[in-house]
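Chains as they are written, first to last, in this note's numbering: chain A, 264 to 459; chain B, 264 to 459; chain C, 264 to 459; chain D, 264 to 459.
4 protein chains.
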Amino acid sequence: MGKREQAKQRTRKVIIDAAKELFIWNGFLNTSTKEIADKAGIAHGTLFFHFPKKESLILEIFDREGMYITDQLHQVLHDTYGVEELLHRYLLFLEEEEDFFAIIAREFPYYPEKLKQRLLFREIGIRSYFLTALNIGKAEGRYRNLDVTAALTFLFGTINYLLSHREQLAGKQSIIALKKELIINTFLRIINYKED
Amino acid sequence: MGKREQAKQRTRKVIIDAAKELFIWNGFLNTSTKEIADKAGIAHGTLFFHFPKKESLILEIFDREGMYITDQLHQVLHDTYGVEELLHRYLLFLEEEEDFFAIIAREFPYYPEKLKQRLLFREIGIRSYFLTALNIGKAEGRYRNLDVTAALTFLFGTINYLLSHREQLAGKQSIIALKKELIINTFLRIINYKED
Amino acid sequence: MGKREQAKQRTRKVIIDAAKELFIWNGFLNTSTKEIADKAGIAHGTLFFHFPKKESLILEIFDREGMYITDQLHQVLHDTYGVEELLHRYLLFLEEEEDFFAIIAREFPYYPEKLKQRLLFREIGIRSYFLTALNIGKAEGRYRNLDVTAALTFLFGTINYLLSHREQLAGKQSIIALKKELIINTFLRIINYKED
Amino acid sequence: MGKREQAKQRTRKVIIDAAKELFIWNGFLNTSTKEIADKAGIAHGTLFFHFPKKESLILEIFDREGMYITDQLHQVLHDTYGVEELLHRYLLFLEEEEDFFAIIAREFPYYPEKLKQRLLFREIGIRSYFLTALNIGKAEGRYRNLDVTAALTFLFGTINYLLSHREQLAGKQSIIALKKELIINTFLRIINYKED
DNA sequence: TATGAATGAGCATTCATTCAT
DNA sequence: GATGAATGAATGCTCATTCAT
């Protein structure tokens with residue numbers, strides 16, 4: 264990579280960092296390209312040299328961030344086979360990055376198609392951990408004979424709903440912190456045989 | 264009602280109809296007052312004679328539609344005490360008005376506070392039917408000893424999630440039609456003792 | 264005057280009263296015809312039956328109000344020949360009606376030409392009291408050999424300036440109350456021989 | 264200054280010149296940003312690139328003009344200690360820029376607070392020349408034992424009044440040219456011992 | 001590579017006035 | 001005489017994108 268290329272990459276990173284930060288505060292939809300350029304300390308036009316459409320910037324951000332987050336989640340989840348433990352760790356992770364995930368949950372329907380696909384794809388990656396754990400547990404007779412995909416739709420759907428409505432439901436607090444127990448308990452009751 | 268009043272109501276209706284149609288296509292947030300006026304065939308300013316703020320137009324639409332829907336739902340749900348039947352009817356209704364509900368699910372977080380409150384209030388009304396049915400069933404020993412509120416959070420959260428992601432999950436089709444069975448079966452398993 | 268005509272006059276009065284009140288609060292320029300009609304309890308269109316232009320309404324108001332005020336001032340000033348007493352009474356009167364006069368002073372340059380003429384004409388009527396008193400005093404050797412018209416330009420110009428800048432100079436207080444002494448003393452020094 | 268910067272300054276100047284011209288004709292309040300852009304031969308949006316708010320454009324105009332004027336006035340007044348000479352020069356200057364000052368006098372009460380402050384501040388700067396000259400003259404026994412602040416309120420108040428009413432009092436002519444002698448003579452009589 | 005000035009369509013809202021009823 | 005619904009031009013401002021330098 265020549266010096267030229269290095270400088271280019273450096274600028275890209277500067278832009279992405281600035282965008283990410285603003286994005287967490289205000290969401291992608293309410294962050295203007297000018298704001299991003301200003302925060303990045305580059306010219307407004309420069310941004311469009313690196314990312315010809317606002318859309319391509321957001322795409323790249325999610326690919327980077329998504330990759331990082333997916334990596335982290337893989338580390339967090341990969342040696343965990345119990346569903347309860349998995350859920351615990353997943354929710355802890357969401358709680359830590361709640362600002363980020365709440366924005367995504369809310370803005371998702373307005374993202375460009377390509378980005379929606381990628382986000383959905385990534386969610387599938389995360390679901391697969393649960394899928395595996397559930398199937399194993401089912402095979403071992405620890406869980407009820409549920410349609411695991413359906414159960415996960417309920418789990419992820421509910422979490423998404425809570426995140427996107429967090430402002431109404433939890434104000435400035437963490438909606439995940441607030442509902443963690445409820446989510447875990449209810450999901451465990453869904454999959455478990457026994458009553459408490 | 265005099266002729267004058269009739270004409271006024273006609274115009275109001277023309278506006279509301281235009282707005283509703285555009286709104287179902289593009290959402291409230293992406294529909295401009297000018298677009299509505301053009302579609303309604305009236306002057307831009309006329310719209311503001313009938314609805315002084317964009318918000319008041321949307322509020323009226325929701326109140327009309329909401330009242331109609333709530334009325335219908337009450338009729339549909341009011342003499343139904345079995346949760347399964349209740350859910351069936353509710354989903355059938357959502358399916359019929361899916362365009363409308365999908366937009367709300369997607370845009371909700373961006374609505375003005377007043378509208379959010381009203382929508383939330385209406386949802387509580389609907390939930391109460393399920394709450395009653397669940398509590399009766401629980402008391403009669405037909406359902407598991409679940410935290411019913413938690414169970415309903417899962418149910419409504421999941422439905423909301425499906426609606427707001429319908430484009431991705433079902434394209435132009437009805438997401439409710441597609442997932443109805445899954446929703447019902449899973450929810451019944453959540454609340455029932457027995458396995459299938 | 265037939266019943267019809269009576270009703271017409273009654274409506275005119277209702278409109279004028281409403282307009283006057285709003286005008287003192289917000290000025291003529293910031294009062295909309297709709298506001299006036301609402302406050303008067305008549306239809307918006309009715310206002311234009313009685314006053315085909317907004318301008319004609321304001322013209323009428325000033326004629327009525329102006330006549331009343333001029334009458335009052337005449338009563339207050341007519342048997343007063345000392346300039347000091349005259350000024351005292353005039354300022355007292357301004358102070359009592361300061362809201363009204365401050366608005367006029369500020370808005371004057373934006374009034375329709377016809378109205379400006381009339382207001383100016385009225386001011387001349389008031390000035391004439393001072394003119395007479397000053398000339399008599401001069402003839403009797405009580406005042407300096409001043410150009411009385413020039414002196415009055417200073418007096419009325421200054422008062423007008425204070426009224427139109429009252430917000431900056433006196434906030435919510437009465438600028439006349441605040442500067443009365445200064446105005447009187449300075450004007451007396453202008454016209455008197457002796458130092459204090 | 265690079266070519267780029269030059270071009271920018273040129274555009275700024277084009278905007279300011281257009282604005283100033285329109286402003287002298289119609290006042291700031293009755294000149295729309297679109298009008299200014301059209302007259303300047305630039306896109307409407309471009310105006311907001313250079314001046315993010317209408318207020319900032321007007322502020323800049325006043326600062327430029329005000330600075331120029333203050334500079335000139337300082338040059339004109341700074342080595343002048345006689346009040347008569349001072350007044351002469353000041354009025355001559357007002358006469359030359361009368362279009363500008365007349366608009367300010369008229370619109371002042373409607374300006375944004377920030378602008379009012381600045382204008383008031385500038386006036387104080389000008390007044391101080393007179394204050395100094397008057398106090399010296401008083402100390403040297405050349406002028407009467409007047410309250411100088413009060414005298415200046417009369418002077419500036421009157422000038423302001425004449426400017427804001429110029430249309431009525433002088434039509435298209437210069438009100439200052441018309442009343443210069445009157446102002447000077449009267450003010451001198453106010454401060455002087457002797458009669459003419 | 002980078003710059004940043006320029007673009008112009010788009011937005012919600014206001015308001016004096018008109019006119020059919 | 002009175003009504004009030006309808007009009008539409010006008011307003012200040014935003015923002016993703018373009019392009020000459």
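Where is the CB? At the ideal position from N, CA and C, for every residue including glycine.
Note that the structure is predicted; figures quoted are calculated from it, not measured.
Check the C-beta distance from Leu357(D) over to Ile439(D) and give it rounded, since I have them as a contact under 8 angstroms.
Walking along the fourth sequence from the start, residue 357(D) turns up at place 94. Walking along the fourth sequence from the start, residue 439(D) turns up at place 176. At roughly 5 angstroms, the Cβ-Cβ gap stays under 8 angstroms, so Leu357(D) and Ile439(D) are in contact.
Checking the sheet assignment: what are the DSSP bridge partners for Asn455(C)?
Position 192 of the third sequence, counted from the first residue, corresponds to residue 455(C). According to DSSP, which records beta bridges pairwise, Asn455(C) is partnered with Tyr406(C).
Just to confirm, are Val346(D) and Leu378(D) a CB contact at a threshold of 9 angstroms?
One-based indexing of the fourth sequence puts residue 346(D) at position 83. One-based indexing of the fourth sequence puts residue 378(D) at position 115. No, the Cβ-Cβ distance between Val346(D) and Leu378(D) is not below 9 angstroms.
Do three or more CB pairs link the region 284–301 of chain C to the region 283–298 of chain B at distances below 8 angstroms?
With the cut-off at 8 angstroms, the region 284–301 of chain C and the region 283–298 of chain B do not touch.
Just how far apart, CA to CA, sit Asn366(B) and Glu370(D)?
Locating residue 366(B) in the second sequence gives position 103, counting from the first residue. Locating residue 370(D) in the fourth sequence gives position 107, counting from the first residue. At residue 366(B) the sequence reads Ile, which differs from the Asn that was named. Cα to Cα, Ile366(B) sits roughly 49 angstroms from Glu370(D).
Could you round the C-beta distance between Ile454(A) and Leu426(A) to whole angstroms and report it? I think they count as a contact, below 8 angstroms.
Position 191 of the first sequence, counting from 1, holds the residue named residue 454(A). Position 163 of the first sequence, counting from 1, holds the residue named residue 426(A). Wrong, their Cβ atoms sit about 22 angstroms apart, outside the cutoff.
Below 8 angstroms CB to CB, which residues in the same chain sit around Arg460(A) once its five sequence neighbours on both sides are set aside?
Not covered by the structure: residue 460(A). The range shown for chain A is 264 to 459.
Reducing DSSP to helix, strand and coil, say where Gly290(A) ends up.
By 1-based counting over the first sequence, the position of residue 290(A) is 27. Coil at Gly290(A), not helix or strand.
Can you list, in chain order, the residues of its chain whose CB lies under 7 angstroms from that of Ala368(A), leaving out five sequence neighbours each side?
Here the question's residue 368(A) lines up with position 105 in the first sequence. Asn423, Leu426 and Ser427.
Between Pro375(A) and chain B, is the shortest Cβ-Cβ distance under 9 angstroms, so that the two count as touching?
Start at 1 with the first residue of the first sequence, and residue 375(A) comes out as number 112. It does not; no Cβ of chain B falls within 9 angstroms.
Take Leu441(D) and list the residues in its own chain whose beta-carbon comes closer than 7 angstroms to its own, dropping the five residues that flank it on each side.
The count along the fourth sequence starts at 1 and reaches residue 441(D) at position 178. Closer than 7 angstroms at the Cβ level, and outside the excluded window around Leu441(D), lie Ala433.
Out of Leu383(A), Ala281(A) and Val411(A), which has the shortest C-alpha to C-alpha gap to Ile299(A)?
Position 36 of the first sequence, counted from the start, is the residue given in the question as residue 299(A). Per the Cα distances, Ala281(A).
Looking only at its chain, what residues have a beta carbon closer than 7 angstroms to the beta carbon of Arg275(D), apart from the 5 residues adjacent to it on each side?
The count along the fourth sequence starts at 1 and reaches residue 275(D) at position 12. Excluding sequence neighbours, Arg275(D) sits near His313.
Beta carbon of Asp362(B): closer than 8 angstroms to some heavy atom of the ligand HEM?
This structure lacks the ligand HEM; in fact it carries no ligand of any kind.
Can you give me the start and stop residues for the alpha helix (DSSP H) that Gln338(B) sits inside?
For this step, residue 338(B) is matched to residue 75 along the second sequence. Residues Lys317 to Leu340.
Could you tell me how far apart the beta carbons of Phe384(D) and Leu349(D) are, in whole angstroms, since I believe they sit closer than 8 angstroms?
For the purposes of this step, residue 384(D) is taken as residue 121 along the fourth sequence, with counting starting at 1. For the purposes of this step, residue 349(D) is taken as residue 86 along the fourth sequence, with counting starting at 1. Contact doesn't hold; Cβ gap of about 20 angstroms is too wide.
Pull out every residue of the region 425–437 of chain A whose Cβ sits closer than 8 angstroms to any Cβ of chain B, in chain order.
Those residues of the region 425–437 of chain A that come within reach of chain B (Cβ to Cβ, closer than 8 angstroms) are Leu425, Ser427, His428, Glu430 and Gln431.
Determine the chain B residues that contact Asp410(A) at a beta-carbon separation under 9 angstroms, and present them in chain order.
For the purposes of this step, residue 410(A) is taken as residue 147 along the first sequence, with counting starting at 1. Result: Leu445, Asn448, Thr449 and Arg452.
Can you pull out the residues from the region 302–328 of chain B whose beta carbon lies closer than 8 angstroms to at least one beta carbon of chain A?
Going along the region 302–328 of chain B in chain order, one finds no residue with a Cβ nearer than 8 angstroms to chain A.
On the premise that Glu318(D) lies in contact with Pro375(D), defined as a C-beta separation below 8 angstroms, what is that separation, rounded to the nearest angstrom?
The residue given as residue 375(D) occupies position 112 in the fourth sequence. The residue given as residue 318(D) occupies position 55 in the fourth sequence. Right, their Cβ atoms sit about 5 angstroms apart.
With C-beta atoms as the reference, is Ile287(A) less than 9 angstroms away from Leu310(A)?
Walking along the first sequence from the start, residue 287(A) turns up at place 24. Walking along the first sequence from the start, residue 310(A) turns up at place 47. Result no, Cβ atoms of Ile287(A) and Leu310(A) do not sit closer than 9 angstroms.
State buried or exposed for Gly304(C), treating a residue as buried only when at least 16 other CB atoms are found within 10 Å of its CB.
Mapped onto the third sequence, residue 304(C) falls at position 41. Result: exposed.
So that I know if they touch, is there some Cβ in chain A lying closer than 9 angstroms to that of Ala413(B)?
Numbered from its first residue, the second sequence carries residue 413(B) at position 150. Chain A, which has a Cβ nearer than 9 angstroms to the Cβ of Ala413(B), makes this yes.
Is it right to say Leu355(D) is buried, meaning 16 or more other beta carbons lie within 10 angstroms of its own, or is it exposed?
What you label residue 355(D) is simply residue 92 of the fourth sequence in a count that begins at 1. Result: exposed.
Assuming the contact rule is C-beta atoms closer than 8 angstroms, Leu320(B) and Lys302(B) should be a hit. Round their C-beta distance to whole Å, please.
The count along the second sequence starts at 1 and reaches residue 320(B) at position 57. The count along the second sequence starts at 1 and reaches residue 302(B) at position 39. The pair is not a contact, with the Cβ atoms about 13 angstroms apart (cut-off 8 angstroms).
Spell out whether any CB of chain D is found under 9 angstroms from the CB atom of Leu441(C).
Here residue 441(C) corresponds to residue number 178 of the third sequence, with the count starting at 1. No, its Cβ sits nowhere closer than 9 angstroms to a Cβ of chain D.
Taking Cβ positions only, does Arg369(C) come closer than 9 angstroms to chain D?
Within the third sequence, residue 369(C) is the residue found at index 106, counting from 1. It does; some Cβ of chain D falls within 9 angstroms.
So, is Ala414(B) buried or exposed, given that buried needs 16 or more other C-beta atoms within 10 angstroms?
For the purposes of this step, residue 414(B) is identified with residue 151 of the second sequence, where counting begins at 1. Classification for Ala414(B): buried.
So Phe364(C) and Glu386(C) are in contact, right, with Cβ under 8 angstroms, and what is the actual spacing, rounded?
By one-based count along the third sequence, residue 364(C) stands at place 101. By one-based count along the third sequence, residue 386(C) stands at place 123. The Cβ separation is near 11 angstroms, so there is no contact.
Going by C-alpha distance, which of Arg429(D), Gly400(D), Lys443(D) and Tyr406(D) is nearest Arg452(D)?
On the fourth sequence, residue 452(D) is found 189 positions in, with the first residue counted as 1. Measuring from the Cα of Arg452(D), the nearest candidate turns out to be Tyr406(D).
Specify the secondary structure class of Thr274(D) as computed by DSSP and reduced to three states.
Position 11 of the fourth sequence, counted from the start, is the residue given in the question as residue 274(D). Note: Thr274(D) maps to helix in three-state DSSP.
When you compare only the Cα positions, how much space is there between Tyr353(D) and Tyr353(C)?
Here residue 353(D) corresponds to residue number 90 of the fourth sequence, with the count starting at 1. Here residue 353(C) corresponds to residue number 90 of the third sequence, with the count starting at 1. Going from the Cα of Tyr353(D) to the Cα of Tyr353(C) covers about 32 angstroms.
Verify whether the separation of the beta carbon atoms of Thr449(A) and Phe417(B) is less than 9 angstroms.
In the first sequence, counting from the first residue as 1, residue 449(A) sits at position 186. In the second sequence, counting from the first residue as 1, residue 417(B) sits at position 154. Closer than 9 angstroms, so yes.
Taking the Cβ atom as the reference point for each residue, do Glu360(C) and Ile389(C) lie within a distance shorter than 9 angstroms?
Here residue 360(C) refers to the residue found at position 97 of the third sequence. Here residue 389(C) refers to the residue found at position 126 of the third sequence. No, Cβ-Cβ distance for Glu360(C) and Ile389(C) is not below 9 angstroms.
Using a Cβ-Cβ cut-off of 7 angstroms (strictly less than) and excluding sequence neighbours within five positions of Ala306(C), which residues of its own chain qualify?
Here residue 306(C) refers to the residue found at position 43 of the third sequence. Closer than 7 angstroms at the Cβ level, and outside the excluded window around Ala306(C), lie Ala300.
Quick one: residues in its chain with C-beta nearer than 6 angstroms to the C-beta of Thr296(B), no 5 flanking neighbours on either side, listed in chain order?
One-based indexing of the second sequence puts residue 296(B) at position 33. Contacts found: Leu310 and Lys317.
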